[in-house]
Amino acid sequence: MVLSVANKAEMANKMGLAPMLSVAMLLGTLAAFPAAVHSIGVCYGVNGSNLPRASDVVQLYISKGIDSMRIYFPDADTLKALSGTGIGVIMDVAGEDLARLASSPSAAAGWVRDNVQAYPGVSFRYIAVGNEVQGSGTASILPAMRNVNSALTAAGLGSIKVSTSVRFDVIANSFPPSDGVFRDSYMTPIAGFLAATGAPLLANVYPYFAYKDDQQSGQNNIPLNYATFQPGTTVTDAGNGLTYTCLFDAMVDSIYAALEKARTPGVGVVVSESGWPSAGGAVGASARNAQAYNQGLINHVRGGTPRKPRALETYIFAMFNEDRKPGDEVEKHFGLFNPDKSPSYGISF
Numbered sequence: 012m013v014l015s016v017a018n019k020a021e022m023a024n025k026m027g028l029a030p031m032l033s034v035a036m037l038l039g040t041l042a043a044f045p046a047a048v049h050s051i052g053v054c055y056g057v058n059g060s061n062l063p064r065a066s067d068v069v070q071l072y073i074s075k076g077i078d079s080m081r082i083y084f085p086d087a088d089t090l091k092a093l094s095g096t097g098i099g100v101i102m103d104v105a106g107e108d109l110a111r112l113a114s115s116p117s118a119a120a121g122w123v124r125d126n127v128q129a130y131p132g133v134s135f136r137y138i139a140v141g142n143e144v145q146g147s148g149t150a151s152i153l154p155a156m157r158n159v160n161s162a163l164t165a166a167g168l169g170s171i172k173v174s175t176s177v178r179f180d181v182i183a184n185s186f187p188p189s190d191g192v193f194r195d196s197y198m199t200p201i202a203g204f205l206a207a208t209g210a211p212l213l214a215n216v217y218p219y220f221a222y223k224d225d226q227q228s229g230q231n232n233i234p235l236n237y238a239t240f241q242p243g244t245t246v247t248d249a250g251n252g253l254t255y256t257c258l259f260d261a262m263v264d265s266i267y268a269a270l271e272k273a274r275t276p277g278v279g280v281v282v283s284e285s286g287w288p289s290a291g292g293a294v295g296a297s298a299r300n301a302q303a304y305n306q307g308l309i310n311h312v313r314g315g316t317p318r319k320p321r322a323l324e325t326y327i328f329a330m331f332n333e334d335r336k337p338g339d340e341v342e343k344h345f346g347l348f349n350p351d352k353s354p355s356y357g358i359s360f
């Protein structure tokens, strides 16, 4: 089992995990989750029809005890609604702004003025400079991070950390986790910047896509229970002797290993997206599996991973099903809620 799961996890990594827009959570247990822990948040994507007003969405977060949110661009209505709530926020730099902020410190200063300083009541936690940037755009990530960070510092807002949100396939040799290493050279200076500023690396981690690719390839090497936090499968990393009972831990610990190999072992990881679809016709996409994964994730991240056994800040994708999201049909069904705020599947509050 160790070898087969290892081989499949690496194959799925090479294939690349499909990008997603948001990270959401199974709200049922969140009401009892201590707010001070800051382990679970929900991503708020807006690629859906007839979604509630931003003010109603923020109230839904509050009513369920959700203390963290990720938004994918600076949206004035959302930021106004968040003001004074204490909800911690990851806010992305919109993709079309990345090159401009990379090339112009004054543009970065203007962006910070208009989108951060203008909302002093919002509890900004991180600015994500780019989400799953690929190709030639990767050259803009680090200069944009530097310019935004300098602008925040100049504005007296240096406590807001600047990072970037990466696809899991920035990691090569992802299994066993101790073999994890950055696939591309551009990640090493980014890790160095994070180490120098005390910011974490934001990473989108989806065991679902590894499982789906494994099943569709006919390999059947990743058990469903291992992918959805259910008991029954144990995998040992011969490189460090650690034992894994879920694919999520193995994936996250391969990121920690890559950071160590980049000589930045002090850089933390925040899982900026993770989730499981409840419908969409793809293998494994069901309300039962989505509930098992999201509930398991909520319960699990409080204790971290075998390599880092401490609370792991994680954002579940997504708050709502998004029928206008591009790509495969399954991409539209990661939401915990429908646009009318009814749950996508049974949730026990």
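Residues in the sequence shown are numbered from 12 upward in steps of one, following the numbering used here.
Every residue gets a Cβ at the ideal spot worked out from N, C-alpha and C, and that includes glycine.
Check: Just curious, the alpha helix (DSSP H) that alanine 296 is in, first and last residue?
Finding: For alanine 296, there is no enclosing alpha helix (DSSP H), as DSSP marks it with neither H nor E.
Check: Excluding five sequence neighbours on each side, which residues of the same chain lie with their C-beta closer than 8 angstroms to the C-beta of tyrosine 304?
Finding: Within the same chain, tyrosine 304 has close Cβ partners Pro218, Tyr219, Ala238, Thr239, Phe240, Gly286, Trp287.
Checklist line | Reduced DSSP secondary structure (H/G/I, E/B, other) of serine 33 | finding: Model confidence at serine 33 stands at a pLDDT of 33, short of 50, so the residue's coordinates are unreliable; what they give is reported in the following sentence. Three-state result, serine 33: coil.
Next item on the list: Please classify glycine 209: does DSSP put it in a helix, a strand, or coil?
Entry: The answer is coil: DSSP assigns glycine 209 none of H, G, I, E or B.
Check: By how many angstroms is the C-alpha of alanine 120 removed from the C-alpha of glutamine 227?
Finding: Each residue's alpha carbon lies about 47 angstroms from the other.
Note to self: According to DSSP, is alanine 397 part of a helix, a strand, or is it coil?
What the structure shows: In this structure the chain extends from 12 to 360, so residue 397 is not present and cannot be described.
Note to self: Within a Cβ cutoff of 7 angstroms, which residues of the same chain sit near alanine 166, ignoring the five residues on either side of it in sequence?
What the structure shows: By the criterion of a C-beta distance shorter than 7 angstroms, alanine 166 is surrounded in its chain by Val123, Gln128, once the five residues flanking it on both sides are discounted.
Check: What whole-angstrom Cβ distance do valine 216 and phenylalanine 259 have, given they're in contact under 8 angstroms?
Finding: At roughly 7 angstroms, the Cβ-Cβ gap stays under 8 angstroms, so valine 216 and phenylalanine 259 are in contact.
Notebook entry, point to check: Which of the three DSSP states, helix, strand or coil, is assigned to methionine 80?
Noted result: DSSP places methionine 80 in the strand class (E or B) of the three-state scheme.
Notebook entry, point to check: Beta-carbon separation of glycine 292 and proline 211 under 8 angstroms?
Noted result: Cβ atoms of glycine 292 and proline 211: not closer than 8 angstroms.
Next item on the list: Out of Val341, Ser74, Ala206, state which residue places its alpha-carbon closest to the alpha-carbon of alanine 298.
Entry: The shortest CA-to-CA distance from alanine 298 to any of Val341, Ser74, Ala206 is the one to Val341.
Notebook entry, point to check: Looking only at C-alpha atoms, which of Asn332, Arg318, Gly314 sits nearest to glutamate 324?
Noted result: When each option's Cα is compared against that of glutamate 324, the closest is Gly314.
Check: Just how far apart, CA to CA, sit alanine 269 and alanine 155?
Finding: If I take the Cα positions, the gap works out to 23 angstroms.
Check: Out of curiosity, what's the CA-to-CA distance linking leucine 109 and valine 173?
Finding: When rounded, the distance between both Cα atoms is 13 angstroms.
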